[in-house]
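Numbering follows our numbering, with no gaps: position 318 of the sequence shown is 355. Just so you know, even glycine gets a beta-carbon here, dropped at the ideal spot from N, CA and C. Inspection log for the structure reproduced underneath, given as structure tokens.
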Amino acid sequence: MSDAAGEFDLIARIRARASSGRDDVVLGIGDDAAVVSVPAGRQLVVATDALNVGVHFPEATAPADIGWKALAVNLSDLAAMGATPAWCTLSLSLPEGDAAWVDAFLDGFLALAAQHGVALIGGDTTRGPLSVCVTVLGLVAPGSALRRDGARVGDDVWVSGTVGDAAGALVQWRAGGAFDATLRARLDRPAPRVTLGLALAGIAHAAIDVSDGLIADAGHICEASGVGAEIEVDALPASDAMQAAFDVELRRELQATGGDDYELCFTASQDMRETVERAANTAGTRVTRIGRIVEGSSVAARTAHGVAWTTGVAGYRHFRA
Ligand code: ADP
Ligand code: MG
């Protein structure tokens, strides 16, 4: 990079702010690779997700929000595995060496990293179209990771928090008019459900984070587990902001199919209902029962009146026969 700030200036800025605060980082930013101490008797859990401008976030997104979200979507993957986040790396592709942009980006990125005690231990900085790729590393007790493939017939299906908010914010943003700040915050600054994921270890049979849309993601659990699911779309938890901003039909659609909420969708046996509620209480996150696991291979959605519900979104390809 030869613009305002060169690659090495940018890396120096990142390094100066990425104080680890973890004594298990043997070697952080600055060498050819990072070295960390993995505690004995733990399994390492690794997730990576890239965010591209115009695809994963609108071009006008504030750099601090891009930083927050780039880490949040990755921490959400660890949450869905029931893992404790520990370390991360950051690959930045930037159209120019814009130091102010990197500083603002780090404001969001490092604020969320600090919240979860995650150390930034390395990465890469190159010139190209704006793209951010983060890898997170976390830890679980052996065999205790929450997987997609453990759902059993008869399980309840649960979801955390509220769904549809991020999709609602995107609809309002695209419409260009007034937008609701609560919804917008869900889109720009999703809160990964790390504490809930940890609390569900040993309780949930299967889990996934809601990034593609609730029905699609429930479908991923079904596919991996070799089961079907019945989901009651009217049981999907809606925020007050969602209820105020959209009519029932559009709200259902956004809640059932909108992505980017980063809530957890999970299954647990029916006799664990109280245990699930207690775990969620401890984690400070509400959870709602939205359906059950049945024999089959696809997700059937119904309204509160038992009427089969299908999305009106053309080309939506996540319902499988
Ligand atoms: P190399 O040529 O060995 O790949 P780099 O010049 O790419 O080294 O990186 C130097 C150091 O800075 C490495 O420790 C690398 O992990 C770190 N680094 C580079 N870019 C970033 C970034 N965007 N965020 C965090 N660390 C970075
Ligand atoms: Mg490099």
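query, result
"Enumerate in chain order the residues of its own chain whose CB-to-CB distance from Asp-102 is below 7 Å, with the five nearest sequence positions on each side excluded.", "Gly-145, Asp-225 and Arg-226"
"To the nearest angstrom, how far is the alpha carbon of Gly-29 from that of Val-62?", "Residue coverage of the chain in this structure runs from 38 to 358, which leaves residue 29 outside it and unanswerable."
"For Ala-188, which residues from the same chain have a beta carbon less than 6 Å from its beta carbon, with the 5 sequence-adjacent residues on both sides left out?", "His-242, Ala-243, Ile-258, Ser-262, Val-264, Thr-304 and Ile-330"
"Evaluate contact between the stretch 108-124 and the stretch 219-239, counting only Cβ atoms and requiring at least three cross-stretch pairs below 8 Å.", "yes"
"Fully enclosed by the stretch 40-81, which alpha helix (DSSP H) runs are 4 residues long or longer?", "44-54"
"Report yes or no: do three or more beta-carbon pairs, one from the stretch 168-180 and one from the stretch 79-94, lie closer than 8 Å?", "yes"
"Count the CB pairs spanning the stretch 316-333 and the stretch 189-196 that are closer than 8 Å, and state whether there are at least three.", "yes"
"Which first and last residues belong to the beta strand (DSSP E) in which Trp-346 is found?", "Where Trp-346 is concerned, there is no enclosing beta strand (DSSP E), given that its DSSP letter is neither H nor E."
"Compare the Cα-Cα distances from Ser-130 to each of Ala-123, Val-139, Pro-122 and Trp-124 and report the closest residue.", "Val-139"
"According to DSSP, is Asn-182 helix, strand or coil?", "Here residue 182 turns out to be Ala, not Asn, going by the sequence shown. Looking at Ala-182 - three-state DSSP - the assignment turns out to be coil, as it is neither helix nor strand."
"Any idea what DSSP makes of Val-208, helix, strand or coil?", "helix"
"Using C-beta distances below 6 Å, list every residue in its chain close to Asp-217, excluding the 5 sequence neighbours before and after it, in chain order.", "Ala-278 and Ala-282"
"Is Gly-198 closer than 9 Å to Phe-142 when the C-beta atoms are compared?", "no"
"When you compare each of Arg-59, Thr-163, Arg-326 and Gly-159 to Ala-266 by their alpha carbons, which one comes out closest?", "Arg-326"
"At what residue ranges does the stretch 270-324 contain a whole run of the beta strand (DSSP E), taking only runs of 3 or more?", "301-305"
"By how many angstroms is the C-alpha of Ala-215 removed from the C-alpha of Ala-222?", "14 Å"
"So what's Gly-256 in DSSP terms, helix, strand or just coil?", "helix"
"DSSP state of Asp-249, grouped into three classes?", "coil"
"Could you tell me the boundaries of the beta strand (DSSP E) in which Val-264 lies?", "Taken as a continuous stretch (DSSP letters only), Val-264 belongs to no beta strand (DSSP E), as it is neither H nor E."
"State yes or no: is the C-beta of Ala-84 within less than 9 Å of the C-beta of Thr-126?", "no"
"Does the beta-carbon of Arg-288 have 16 or more other beta-carbons within 10 angstroms, so that it is buried, or is it exposed?", "buried"
"Distance check for Asp-69 and Arg-54, CA to CA, integer angstroms please.", "19 Å"
"So, at 6 Å on beta carbons, what are the nonlocal neighbours of Gly-160 in its own chain, with the 5 sequence-adjacent residues on each side left out?", "Thr-126, Leu-127 and Ser-128"
"Would you give the residue range spanned by the beta strand (DSSP E) that Ser-130 belongs to?", "121-131"
"Contact check, Leu-301 vs Gly-234 under 8 Å by CB: the rounded distance?", "6 Å"
"By DSSP, does Arg-221 sit in helix, in strand, or in coil?", "helix"
"Measuring alpha carbon to alpha carbon, tell me which of Leu-112, Leu-47, Ser-181 and Val-190 ends up nearest Gln-152.", "Leu-112"
"Taking 8 Å as the cut-off, is the C-beta of Ile-66 nearer than that to any heavy atom in the ligand ADP?", "yes"
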